[in-house]
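Residues 232 to 465 (the working numbering) make up the sequence shown, in order.
Okay, structure first, notes after.
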Amino acid sequence: MLKHFVYLNLIILLVACSESSKEEQKTETKEVVGEMPAPLEYFYPKDTTVYMYVYQNTKNPDDQYIERVMYKEVDGVDHFFVSRYDARMNPIFTMSYWVLEGNIELMKANMVIGRVPYESKIKNGFTFPTGANMVANTTYDFPVNDSIIQVIEINRKFKGLDTLNEGGLVSPCIVFKDSVRTTYVDIKNEQHTSQPGYLETYFEKGIGKILEKNDRMGYRLIMRTTADQFAKLQ
Numbered sequence: 232m233l234k235h236f237v238y239l240n241l242i243i244l245l246v247a248c249s250e251s252s253k254e255e256q257k258t259e260t261k262e263v264v265g266e267m268p269a270p271l272e273y274f275y276p277k278d279t280t281v282y283m284y285v286y287q288n289t290k291n292p293d294d295q296y297i298e299r300v301m302y303k304e305v306d307g308v309d310h311f312f313v314s315r316y317d318a319r320m321n322p323i324f325t326m327s328y329w330v331l332e333g334n335i336e337l338m339k340a341n342m343v344i345g346r347v348p349y350e351s352k353i354k355n356g357f358t359f360p361t362g363a364n365m366v367a368n369t370t371y372d373f374p375v376n377d378s379i380i381q382v383i384e385i386n387r388k389f390k391g392l393d394t395l396n397e398g399g400l401v402s403p404c405i406v407f408k409d410s411v412r413t414t415y416v417d418i419k420n421e422q423h424t425s426q427p428g429y430l431e432t433y434f435e436k437g438i439g440k441i442l443e444k445n446d447r448m449g450y451r452l453i454m455r456t457t458a459d460q461f462a463k464l465q
């Protein structure tokens, strides 16, 4: 169950809403002009090189997670495979995204719970809204144990364009506001509890996700390197 709780912490800590605190990272907000840019330009690049992304808790540097991003074209369709690991490289989940008619859709979600892999049931897999006033819904579920099912529902809206400035490094980003609802369904007792929350998720053009945060904390990209180089660092 350890990996399950690691995954839950990444969800619950990010979406829990309480007293606000300022982020250490300086952000400069640009005014949004015209229509929302194509999210595909800000998603992970179409590069057959496998990349490792290391994210660090903005409040606790010892809290990190790693994502392995792989791109592959299958039968003329672009596929992105994003696998998340804890700091010890224990697998947590793998998300499979397809690019269909210019839209990025979550097609498969495989969770690892107690070293046992589970394929989630995906109800909706729309990863990004198709316009500035649209909402993209992603809904999937997976078993916590024999009687509890966890349902994750994310409604994503376009917030604007930002420029993140850290140490003189300027990163143009597209920003989304994510409304997240986590529901636990007790099948045996026919009961359920829900926990609402929110995130702001930043994607850098040509890089992918670089920051996810709310008023309490966040996870920031601190390293992006090839899988081969990452292996040499271990």
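Even glycine gets a Cβ: it sits at the ideal position worked out from N, Cα and C.
Can you name the start and end residues of the alpha helix (DSSP H) that residue i belongs to?
i	result
residue 357	From DSSP, residue 357 is part of no alpha helix (DSSP H); its letter is neither H nor E.
residue 459	458-464
Name the one or two DSSP bridge partners that residue i has.
i	result
residue 283	299, 456
residue 342	324, 349
residue 305	308
residue 436	None, per the DSSP bridge assignment.
residue 292	Residue 292 is not bridged to any residue.
residue 427	412
residue 451	287, 442
residue 387	367, 409
residue 275	Paired residue(s): none; residue 275 is not in a bridge.
residue 315	298, 324
residue 336	329, 357
In terms of residues, what are the limits of the beta strand (DSSP E) holding residue i?
i	result
residue 413	400-417
residue 371	366-374
Since residue i contacts residue j with CB under 8 Å, what's their CB separation in whole angstroms?
i	j	result
residue 372	residue 402	Not confirmed; about 34 Å, so no contact.
residue 309	residue 339	Rounded, the Cβ-Cβ distance is 15 Å, inconsistent with contact.
residue 441	residue 452	4 Å
residue 456	residue 283	6 Å
residue 300	residue 313	5 Å
residue 417	residue 406	With 8 Å as the limit, residue 417 and residue 406 do not qualify as a contact, their Cβ atoms being about 36 Å apart.
Run the CB neighbour count on residue i, radius 10 Å, all protein chains shown included, and call it buried at 16 or more, exposed below.
i	result
residue 465	exposed
residue 369	buried
residue 275	buried
residue 307	exposed
residue 304	exposed
residue 356	buried
residue 400	exposed
residue 265	Residue placement at residue 265 is poorly supported in this model, since its pLDDT is 48, which falls under 50; the coordinates still yield a value, given next. Exposed.
residue 333	exposed
residue 437	exposed
residue 346	exposed
residue 366	exposed
residue 458	exposed
residue 439	buried
residue 409	buried
residue 279	exposed
residue 200	With the chain represented from 232 up to 465, any question about residue 200 goes unanswered, as that position is not in the structure.
residue 364	exposed
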